[in-house]
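What follows is a set of notes on a single structure, which appears directly below.
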Amino acid sequence: MFYKSVIHMSDELTIGTATAKKGELAKGVIPGIELNTGTKIDIPVLVLNGKQDGPVLLLVSTQHGIEIQGIEVIHRVMRKLVNPDDLRGSIIGIPVENPLAYMHHQYLSWIDNLDLGGGGSGSLLTADNPDGTATERLANMLWQEAWSKADMVINIHCNVRPDDLIFQEILTGNPKTKPALEKMAEAFGVTTIVDDTPIDPNAPPTLGNLADQNGVPVLLMELIDGRWISEPSTSAGVRGVLNIMKAFDMLDGELEQQTGFPIIPGKCKFQGIVRANKGGLIRFLKKPGEYLKQGEVYAEIFNLHGDVVEEVKMPVDGYIWAYPCGDILGTPGSMQAVQTGANIGYTFSQVED
Ligand SMILES: [Zn+2]
Numbered sequence: 001m002f003y004k005s006v007i008h009m010s011d012e013l014t015i016g017t018a019t020a021k022k023g024e025l026a027k028g029v030i031p032g033i034e035l036n037t038g039t040k041i042d043i044p045v046l047v048l049n050g051k052q053d054g055p056v057l058l059l060v061s062t063q064h065g066i067e068i069q070g071i072e073v074i075h076r077v078m079r080k081l082v083n084p085d086d087l088r089g090s091i092i093g094i095p096v097e098n099p100l101a102y103m104h105h106q107y108l109s110w111i112d113n114l115d116l117g118g119g120g121s122g123s124l125l126t127a128d129n130p131d132g133t134a135t136e137r138l139a140n141m142l143w144q145e146a147w148s149k150a151d152m153v154i155n156i157h158c159n160v161r162p163d164d165l166i167f168q169e170i171l172t173g174n175p176k177t178k179p180a181l182e183k184m185a186e187a188f189g190v191t192t193i194v195d196d197t198p199i200d201p202n203a204p205p206t207l208g209n210l211a212d213q214n215g216v217p218v219l220l221m222e223l224i225d226g227r228w229i230s231e232p233s234t235s236a237g238v239r240g241v242l243n244i245m246k247a248f249d250m251l252d253g254e255l256e257q258q259t260g261f262p263i264i265p266g267k268c269k270f271q272g273i274v275r276a277n278k279g280g281l282i283r284f285l286k287k288p289g290e291y292l293k294q295g296e297v298y299a300e301i302f303n304l305h306g307d308v309v310e311e312v313k314m315p316v317d318g319y320i321w322a323y324p325c326g327d328i329l330g331t332p333g334s335m336q337a338v339q340t341g342a343n344i345g346y347t348f349s350q351v352e353d
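Each residue of the sequence shown is one higher than the one before, starting from 1 at the first, in this note's numbering.
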C-alpha cells in the first residue's frame with residue numbers, strides 16, 4: 001500500500017471544523033482570512049469517511065475563480081454517488097479553493113492578484129508561509145489542513161470554451177509518485193499530457209510543488225466550458241473520479257470508458273503557447289483536438305477595419321487543446337479579442353512511449 005496510515009486508521013477524520021466518523025459525511029470550513037470589514041472568508045469543506053480503511057483522496061476545484069465545473073463533480077461524487085458504507089478510505093472535497101477569486105468571478109484573487117495554484121504568469125505564490133499575503137495564507141491553510149493529509153489529489157480546473165479539449169496533465173518527474181500518477185491517468189481515461197521534467201527540490205513551494213516534494217501524487221484534470229455547469233465536463237469528471245477510486249480499490253466496480261468528446265490516444269507532450277503578434281479580433285479556423293501539420297494556419301487575427309493582419313500558424317505537427325483568448329493564462333477576459341502577446345492556443349503533440 002502506498003498510502004499513509006496515520007490519519008484514517010483512527011475512527012475520525014477532521015479537516016478544519018468538519019469531523020466525520022466512519023460511515024459519515026461531515027460539512028464544515030477551513031478557517032481562512034478576514035477582510036477589512038471583519039468579514040471572514042473561510043473555505044467550505046466536505047469530508048466523507050468510509051466504513052473501511054483505505055487511502056485519503058482529496059478533490060479540489062476552483063483554484064481559479066472562474067473554473068466551476070469541479071464544484072458539481074465534487075457534489076455529485078460526495079453527496080449522491082458514493083455511499084460511505086461501500087467506501088474504503090475517505091474523500092475530502094473542497095469545491096472552491098480560492099473564494100477570493102470566485103467571489104469576484106475572477107481567475108486570480110482580487111485582493112493581492114495572486115494565483116492560488118501558484119503557477120502561470122502571475123506573481124509566484126508560496127503555500128508554506130502562514131505570515132504571507134491573504135491568498136498565501138489561504139494556500140497555507142489548505143496545505144496544513146487538507147493537501148498534507150492526502151494520499152492523492154485530483155485538482156480540477158477548466159478551460160474556457162465549450163469546444164476546448166478535455167484533458168489531464170501529470171508530472172512524472174518524481175519516481176516516488178510516477179507509478180500512482182500513471183495509474184490515475186489511465187483510469188481517468190482522457191487525453192493525457194505528460195511532463196517528465198525531473199523534480200526540482202528548489203522549486204517554489206506552491207501547493208502542487210509541496211505535494212510533489214512530499215510524494216503526494218496530484219492529477220490535474222482540465223475540463224471545459226469553465227464558467228458553466230454543463231456536459232460533457234461534469235460526466236467526464238465524475239466518471240474519471242470514480243474510475244480512479246475503483247483503480248485504487250476505494251470502491252468496487254468496473255472502470256467506465258470515457259465517451260462523448262474527442263480523446264487523443266497515447267502519451268502527449270505540451271509544445272508551448274502561441275501568442276499574438278498583432279492586435280484585433282480572432283477567428284478560429286480549426287477545432288481543438290483536430291490534427292494540424294506544422295505551419296498550418298489555424299486562426300487569423302483581423303483588425304477593426306475587417307482586414308486580416310495575421311495568420312496564426314501551428315509550430316509543430318500536433319494539436320491545440322484550448323483557445324484561451326486573453327492575457328493572464330488566457331482566462332480572465334475570455335473575449336474573442338487579443339492584444340500583442342496575448343495567448344492564442346496551447347499546443348501539444350503525441351510522443352513515443
Ligand atoms: Zn485553472
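Where a beta carbon is used, it is the ideal one built from N, C-alpha and C, also for glycine.
Classification of residue i by the beta-carbon crowding that lies within 10 angstroms, buried from 16 upward
i, result
"W386", "Here the chain comprises residues numbered 1 to 353, so residue 386 is not present and cannot be evaluated."
"P201", "exposed"
"G253", "exposed"
"N98", "buried"
"H355", "Outside the modelled stretch of the chain, which goes from 1 to 353, sits residue 355, for which no answer is possible."
"L181", "buried"
"W358", "Since the first residue shown for the chain is 1 and the last is 353, residue 358 is missing from the structure and cannot be characterised."
"R79", "exposed"
"M335", "exposed"
"A20", "buried"
"L297", "Correcting the residue identity first, residue 297 is Val in this sequence and not Leu. Exposed, because fewer than 16 other Cβ atoms sit within 10 Å of the Cβ of V297."
"H64", "buried"
"A18", "buried"
"D196", "exposed"
"W321", "buried"
"R239", "buried"
"T259", "exposed"
"P288", "buried"
"N367", "Only positions 1 to 353 of the chain appear in the structure, and residue 367 is not among them; the question remains open."
Residue of the options minimising C-alpha distance to residue i
i, options, result
"Y291", "Q339, A276 and P262", "P262"
"I66", "H75, Y102 and R88", "Y102"
"D128", "S109, L223, T206 and I15", "T206"
"I43", "I156, R137 and V238", "R137"
"K176", "V216, G23 and A150", "V216"
"G16", "G28, G23 and K22", "G28"
"E34", "K287, P324, L100 and R275", "L100"
"V218", "V47, N36, Q336 and V60", "V60"
"N277", "G341, Y298 and I71", "G341"
"I301", "L285, N209 and H105", "L285"
"R283", "D307, K269, I273 and G272", "D307"
"D86", "I229, M245, T14 and H104", "M245"
DSSP state of residue i mapped onto helix, strand, coil
i, result
"Q294", "coil"
"H157", "strand"
"K178", "helix"
"D11", "coil"
"Q271", "strand"
"W321", "strand"
"M141", "helix"
"A18", "strand"
"M152", "strand"
"K286", "coil"
"T347", "strand"
"E169", "strand"
"G122", "For G122, the pLDDT reaches just 48, beneath the cut-off of 50, and the residue's location in the model is therefore unreliable, although a value from the coordinates is still provided. The answer is coil: DSSP assigns G122 none of H, G, I, E or B."
"G208", "helix"
"K51", "coil"
"K40", "strand"
"M314", "coil"
"K278", "coil"
"F302", "strand"
"M221", "strand"
"T259", "coil"
"T191", "strand"
"A26", "strand"
Residue i CB to nearest heavy atom of ligand 2 below 6 angstroms
i, result
"D11", "The model on display carries ligand 1 but not ligand 2."
Any chain C beta carbon closer than 7 angstroms to residue i
i, result
"L304", "In the displayed structure, chain C is absent; only one protein chain is listed."
| request: Any chance you could list the residues with Cβ under 5 angstroms from a heavy atom of ligand 1, keeping chain order? | output: Those residues placing their Cβ nearer than 5 angstroms to any heavy atom of ligand 1 are, following chain order, H64, E67 and H157.
| task | Taking only runs that begin and end inside the stretch 227-256, name each unbroken alpha helix (DSSP H) of 4 or more residues, in chain order. | result | Entirely contained in the stretch 227-256, the alpha helix (DSSP H) runs reaching 4 residues are, in chain order, 233-247.
| task | Could you tell me which uninterrupted alpha helix (DSSP H) segments, each at least 4 residues in length, are contained entirely in the stretch 54-104, listed from first to last along the chain? | result | Segments of the alpha helix (DSSP H) lying fully in the stretch 54-104: 69-75 and 99-102.
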